[in-house]
Amino acid sequence: MKQLDKNSILVAFPRQVVVTNLDGLLKSSRMSSASFNFPFQIESVLPLSDSFIAFHRHGIEGRAFIDDSVTQELNDRNRTYQLMGFDKLVALRSHPITKSTENNDICILSGHVAS
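Numbers 1 to 115, taken from full-length UniProt numbering, label the letters of the sequence shown in order.
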């Protein structure tokens, strides 16, 4: 759960992300979606100014608040990804599924948050 602004909260469920008001009611309008469904188990969510990124075992998927369009996508079934942290840069740990977790790659995603 992340607060988007003084009246909106982003809540992640296993396969869905919703935007609610402070009372927990869906906050939809003609200008934006309030419910976003995914075909994967969501592990973490990072809200941005006009969209959000949902992190899952095999990558990420970004969605726009305005129309639920996919803004970015990474899906690699041969690797696992884990969100390590985010500030101005997003850091992911990655390793091949067939290898041990001893040899990890660090992926840096940039350009998502205004500096």
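Glycine residues also receive a C-beta, built at the ideal position from the N, C-alpha and C atoms.
Taking the alpha carbon of residue i as the reference point, which residue from the options has its own alpha carbon closest?
{"i": "S94", "options": "S33, M1, H56", "result": "H56"}
{"i": "residue 116", "options": "F86, P39, C107, F65", "result": "Examination of residue 116 is not possible in this model, given that the chain is present from 1 through 115 alone."}
{"i": "P39", "options": "S32, S51, I60", "result": "I60"}
{"i": "T49", "options": "K2, I108, L92", "result": "The sequence shown places Ser at residue 49, rather than the Thr named in the question. Nearest C-alpha to S49: K2."}
{"i": "I53", "options": "D23, R79, N104, A12", "result": "A12"}
{"i": "G24", "options": "L10, R15, I97, Y81", "result": "L10"}
{"i": "T71", "options": "S51, V90, P14, M84", "result": "S51"}
{"i": "L83", "options": "R77, T98, V45", "result": "V45"}
{"i": "F86", "options": "S35, S32, I106", "result": "I106"}
{"i": "I108", "options": "I97, T98, V90, P96", "result": "V90"}
{"i": "N78", "options": "H58, P47, P14", "result": "H58"}
Under DSSP, the beta strand (DSSP E) around residue i begins and ends at which residues?
{"i": "M1", "result": "Careful: M1 lies outside any beta strand (DSSP E) and carries neither H nor E."}
{"i": "N104", "result": "N104 -> no beta strand (DSSP E), and no H or E assigned at all."}
{"i": "I9", "result": "8–12"}
{"i": "S94", "result": "90–96"}
{"i": "N75", "result": "70–75"}
In three-state DSSP terms, what is residue i?
{"i": "I42", "result": "coil"}
{"i": "R57", "result": "coil"}
{"i": "S49", "result": "coil"}
{"i": "D5", "result": "strand"}
{"i": "S29", "result": "strand"}
{"i": "S110", "result": "coil"}
Let me check one thing: in DSSP terms, what residues is residue i bridge-paired to?
{"i": "S35", "result": "V18"}
{"i": "F86", "result": "V90"}
{"i": "G62", "result": "I53, Q72"}
Within 8 Å of any Cβ in chain C, is that where the Cβ of residue i sits?
{"i": "P47", "result": "Absent from the structure is chain C; it holds one protein chain and no more."}
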